[in-house]
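Trainee: Read in order, the letters of the sequence shown correspond to residues -33 to -1, 1 to 360 in mature numbering (1 follows the signal peptide of the UniProt record, and there is no 0). Backbone N, C-alpha and C fix where the C-beta goes; we use that ideal spot for every residue, glycine too.
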Amino acid sequence: MTTSPSKPLFSKRFVRTTLGAMALALLAGCASKGEPAYTPKELRSFEETSSLNSVWRRNVGDGLGRARYPISPAREGDTLFAADANGLVAAFNADNGEREWEVKLDTPVSSALNAIAGHVYLGTRNGEVIALDQRNGNIAWRSRVSSEVLAAPQANQQLLLVQSVDGQVTALDRSSGEEIWAYTTSQPSLTLRGTGTPMVIDPVSFVGFANGRLATLDNRNGQPLWEQQIATPRGRSDVDRLVDLAGQPVVTPDGRLFVTSYNGNVVALEATRGGVLWEANLSSRHTPIIVGDLLFVVTHNSHIVALNADNGQEVWRNDDMEDRWLTAPAFANGRLVVGDFEGYVHLLDAREGNLVGRTQVHRSGVSVRPVTEGSTIHVQANNGRLETLEVTP
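Right, here's the structure in full:
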């Protein structure tokens, strides 16, 4: 995601597990309890200069399930939408937590939510895509795609793009759910549990795949305009050769495209032609964020790294939460926001990279990216607790 700060920030209970256990936690089709692959760093005290104050909290069903489905909430305007793995979907007033409506679908939810232009879009374990009316939760339409959906469906003015776990990308008519076109690519025998999330703009969509390739698809017909190998499989074992593009590409107004890869690099590309601008040797399965002239990346071992977005040079790195299974980063009031496997929410100064605030939402853990709006942070824990926090200062 690209975040525009209100003012300029920048000037120009666990033990060490075996490798096999790590693979089981990460690979597609395997249920993960969200436990770290390595011994996580113990949290240390620090001087807190920012406070995280609880505004309201609610419970959303039974949470993300044993498999820790990536069912992150979504906000549009003054309404926050959240779901659980069993098909409960609810809408809340984002300011005070008042429950505006709640529906129970007849199918389990598996994807992150996307709220846009009066609808909430989500995917299910049995390969359905459902559009709900934001006003009351009524089903506007439902459509079938090729397989389970873990990534939030992404929309432009006409289309809704859905990336399934089998590698297929399906374009649906946003108003009716009718299939317009589908694009399929080859999948490796072993992948991370999860898929990339398309970045959709009006003319094209940027889509990353588990084979390490990035494609730019023409939204009129689904044909690739260009493709780029972002990460190349290396090593003897299938685990070593994992190169999933599991995050969402980030595109900027000036035509730059930033892509992360597992066991690969962070790459900056020219969005129109795919030319490589720079590469940084960082492995990540998360979507980065760009704020001002800095690109923020959470690596596979939970280091938080700030890169100069112009040239890829490392500006700072924080490893205080190494192997704590951090979420993708969010941004609130000049602070980076991440959750961890013990349910803590951490704040870092975006300029310097030092920890400035911390609170625990629930010990079940936080595995989905927080949703932010200004200085407000919405966090959904694995057990379904939904808490809204306010950052001060």
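When DSSP labels each residue in this structure, what does L322 get in the three-state scheme?
Mentor: In the displayed model, L322 falls within a strand according to three-state DSSP.
Trainee: Here's the rule I'm using: 16 or more other beta-carbon atoms within 10 Å means buried, otherwise exposed. How should Q101 be labelled?
Mentor: buried
Trainee: If you reduce the DSSP assignment to three classes, tell me which class Q215 lands in.
Mentor: coil
Trainee: Within a Cβ cutoff of 7 angstroms, which residues of the same chain sit near G310, ignoring the five residues on either side of it in sequence?
Mentor: Q327, V328, H329, R330, S331, G332, V333, A348
Trainee: Can you tell me whether DSSP reads N20 as helix, strand or coil?
Mentor: strand
Trainee: From the DSSP output, which residues share a beta bridge with H86?
Mentor: I83, D100
Trainee: Under the DSSP definition of a beta bridge, which residues are partnered with R187?
Mentor: None, per the DSSP bridge assignment.
Trainee: Suppose you measure from the CA of residue 368 to the CA of D73; what does that come to, to the nearest Å?
Mentor: With the chain covering only -33 through 360, there is no way to say anything about residue 368.
Trainee: In this structure, how does DSSP classify V132 when only helix, strand and coil are distinguished?
Mentor: coil
Trainee: Can you check which of these residues, T294, A276, L224, D169, is closest to Q195 by C-alpha distance?
Mentor: L224
Trainee: Do the segment 52 to 59 and the segment 12 to 20 meet, that is, are 3 or more Cβ pairs less than 8 angstroms apart?
Mentor: no
Trainee: For S228 and S250, I'd like the C-alpha separation in whole angstroms.
Mentor: 6 angstroms
Trainee: Go ahead and pull the three-state DSSP assignment for H253.
Mentor: coil
Trainee: Measure the beta-carbon distance from V27 to L353 and round it to whole angstroms, keeping in mind my assumption that it falls under 8 angstroms.
Mentor: 5 angstroms
Trainee: Does the beta-carbon of L192 have 16 or more other beta-carbons within 10 angstroms, so that it is buried, or is it exposed?
Mentor: exposed
Trainee: Does the distance from the CB of D211 to the CB of T158 come in under 7 angstroms?
Mentor: yes
Trainee: Looking only at DSSP bridge pairs, what is K71 linked to?
Mentor: L55
Trainee: How about L303 and S21: do their beta carbons lie closer than 7 angstroms?
Mentor: No; because the gap between Cβ atoms is not below 7 angstroms, this pair is not in contact.
Trainee: Exposed or buried, G85, counting other C-beta atoms within 10 Å across all chains shown (16 or more means buried)?
Mentor: exposed
Trainee: Can you pull the DSSP bridge partners for E14?
Mentor: For E14, which the question treats as bridged, DSSP gives no partner whatsoever.
Trainee: Hey, would you say G222 sits closer than 7 angstroms to A247, going by beta carbons?
Mentor: No, Cβ-Cβ distance for G222 and A247 is not below 7 angstroms.
Trainee: Leaving aside the five residues before and after G351 along the sequence, list all residues of the same chain whose C-beta is less than 7 angstroms from its C-beta, in chain order.
Mentor: N26, V27, G28, D29, G30, D51
Trainee: Measuring straight from C-alpha to C-alpha, what distance separates T151 and W108?
Mentor: C-alpha separation (whole angstroms): 24 angstroms.
Trainee: Would you mind stating whether I83 and L89 have Cβ atoms separated by less than 7 angstroms?
Mentor: no
Trainee: Which of the three DSSP states, helix, strand or coil, is assigned to A177?
Mentor: coil
Trainee: State the DSSP-derived secondary structure class of residue 364, mapped to helix, strand or coil.
Mentor: The structure shown does not extend to residue 364, since the chain is modelled only from -33 to 360, so the question has no answer here.
Trainee: In this structure, does DSSP put T152 in helix, strand or coil?
Mentor: coil
Trainee: Do you know offhand how far V323's Cα is from V272's?
Mentor: 16 angstroms
Trainee: Using the C-alpha atoms, what's the distance from R336 back to T46?
Mentor: 18 angstroms
Trainee: Hey, N186 and A138 are a contact pair by Cβ (cut 8 angstroms); roughly how many whole angstroms apart?
Mentor: In this structure, N186 and A138 form a Cβ contact; the two beta carbons are roughly 7 angstroms apart against a cut-off of 8 angstroms.
Trainee: In whole angstroms, what is the alpha-carbon distance linking V226 and V258?
Mentor: 15 angstroms
Trainee: Cα separation between S115 and R33?
Mentor: The sequence shown places Glu at residue 115, not Ser. Computed Cα separation, rounded: 16 angstroms.
Trainee: Roughly how many whole angstroms lie between the Cα atoms of D133 and S342?
Mentor: 38 angstroms
Trainee: Which value, in whole angstroms, describes the spacing of the CA atoms of R(-21) and P7?
Mentor: Bear in mind that a pLDDT of 34 at R(-21), under 50, signals an unreliable position, so the model cannot answer this.
Trainee: To the nearest angstrom, how far is the alpha carbon of A79 from that of V282?
Mentor: 31 angstroms
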